[in-house]
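In case it helps, UniProt numbering puts the sequence shown at residues 1 to 172.
Ideal placement from N, C-alpha and C gives every residue a C-beta, glycine not left out.
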Amino acid sequence: MQPSIETPRLLLRPFRLSDSQRVALLAGQKIISDMTANIPYPYTEEMANEWIGTHSEKFEHKSAVIFAITLKGSDSIVGAVSFPSLKSGVAILGYWLGTDYWGKGIALEASQALIGYAKRELKVSEVEAQHLANNHQSSSVIRKLGMQYKENRFVQIRGKPREVCVYRSSIA
Numbered sequence: 001m002q003p004s005i006e007t008p009r010l011l012l013r014p015f016r017l018s019d020s021q022r023v024a025l026l027a028g029q030k031i032i033s034d035m036t037a038n039i040p041y042p043y044t045e046e047m048a049n050e051w052i053g054t055h056s057e058k059f060e061h062k063s064a065v066i067f068a069i070t071l072k073g074s075d076s077i078v079g080a081v082s083f084p085s086l087k088s089g090v091a092i093l094g095y096w097l098g099t100d101y102w103g104k105g106i107a108l109e110a111s112q113a114l115i116g117y118a119k120r121e122l123k124v125s126e127v128e129a130q131h132l133a134n135n136h137q138s139s140s141v142i143r144k145l146g147m148q149y150k151e152n153r154f155v156q157i158r159g160k161p162r163e164v165c166v167y168r169s170s171i172a
C-alpha cells in the first residue's frame, strides 16, 4: 500500500477518486496543458477518475508512483508529483501545480521529498526530468534540484514536435 510522505509544509498522499473534481479544476486550466506533455485540454472529471484509477496497480507493480500534493492542515490537493515511469533504477520525475500555487517552492519541496523516498524505498539510482523549452518555472525547479542538463530534443506532444530540455542525475 502506498504510504504518505510529510515535509515541513506538505503532505504527499495517494490520490482518491474523491479528488477527481479538484484534479479536473486545477489540471483543466489551459496553461497547465500548455506547460505539460501529458495533460490534455480540456481535462474532465472523467479523465481524472480514469487517471486516478490507474495509480494503485502502477504502485503495486513498481512501474510508477503518483502522489497528490496537499498543504498540511488541508486535505484539498494543490497538484501532483510523480514518477510516471520507473524502469531499471531510473525514475522520470513529473509534477504539476494549480496556478494559484506557482512560485511558492511547493514543486521543489514535493520533488525533493519524492526523490528522497525513491532513494530509500524504490531502489532508484537515477532521476530524469524534462521540461518544455519555454517552461521557465519547471527549469527553475529542476535546476534547484541540482539535476545535470543533458540535452535538448524534440518529442511529439499532441501531434506536434515540441522542444524539451532533458536533465539526469544520480541519487545513489
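Distance CB(residue i)-CB(residue j) smaller than 7 Å
{"i": "residue 43", "j": "residue 27", "result": "yes"}
{"i": "residue 61", "j": "residue 15", "result": "no"}
{"i": "residue 111", "j": "residue 145", "result": "yes"}
{"i": "residue 115", "j": "residue 37", "result": "no"}
{"i": "residue 141", "j": "residue 113", "result": "no"}
{"i": "residue 39", "j": "residue 31", "result": "no"}
{"i": "residue 127", "j": "residue 93", "result": "yes"}
Cβ-based neighbour list, residue i, same chain, cut-off 8 Å, excluding 5 preceding and 5 following
{"i": "residue 70", "result": "10, 11, 12, 13, 76, 77 and 78"}
{"i": "residue 87", "result": "63"}
{"i": "residue 109", "result": "7, 8, 9 and 10"}
Cβ separation of residue i and residue j, assumed to be a contact under 8 Å, to the nearest whole Å
{"i": "residue 5", "j": "residue 117", "result": "5 Å"}
{"i": "residue 91", "j": "residue 124", "result": "5 Å"}
{"i": "residue 132", "j": "residue 35", "result": "6 Å"}
Cut-off 7 Å between Cβ atoms - residues of its own chain near residue i, not counting five sequence neighbours on either side
{"i": "residue 49", "result": "17 and 20"}
{"i": "residue 59", "result": "2 and 65"}
{"i": "residue 210", "result": "The question about residue 210 has no answer here: the residues shown for the chain are numbered 1 through 172."}
{"i": "residue 72", "result": "9, 10 and 11"}
{"i": "residue 89", "result": "123, 124, 125 and 126"}
Close-in-space but distant-in-sequence residues of the same chain around residue i (CB under 6 Å, 5 per side omitted)
{"i": "residue 151", "result": "166"}
{"i": "residue 82", "result": "66 and 94"}
{"i": "residue 41", "result": "30 and 33"}
Nearest neighbour of residue i, chosen from the options [CA to CA]
{"i": "residue 45", "options": "153, 137 and 24", "result": "24"}
{"i": "residue 52", "options": "22, 89 and 73", "result": "22"}
{"i": "residue 29", "options": "134, 84, 99 and 126", "result": "99"}
{"i": "residue 135", "options": "164, 89, 168 and 8", "result": "164"}
{"i": "residue 148", "options": "82, 129 and 83", "result": "129"}
{"i": "residue 84", "options": "120, 57 and 104", "result": "57"}
{"i": "residue 139", "options": "105, 120 and 74", "result": "105"}
Check: residue i C-beta below 6 Å from any heavy atom of the ligand MN
{"i": "residue 10", "result": "Among the components of this structure there are no ligands whatsoever, and the ligand MN is therefore not found."}
Minimum Cβ-Cβ distance from residue i to chain B less than 7 Å
{"i": "residue 28", "result": "Annotation note: the requested chain B is absent from the structure, which comprises a single protein chain."}
Next item on the list: Write down every uninterrupted run of the alpha helix (DSSP H) in the UniProt domain "N-acetyltransferase" (30 to 172) whose length is 4 residues or greater and which is fully enclosed by it, in chain order.
Entry: 30 to 35, 45 to 53, 55 to 60, 106 to 121 and 136 to 144
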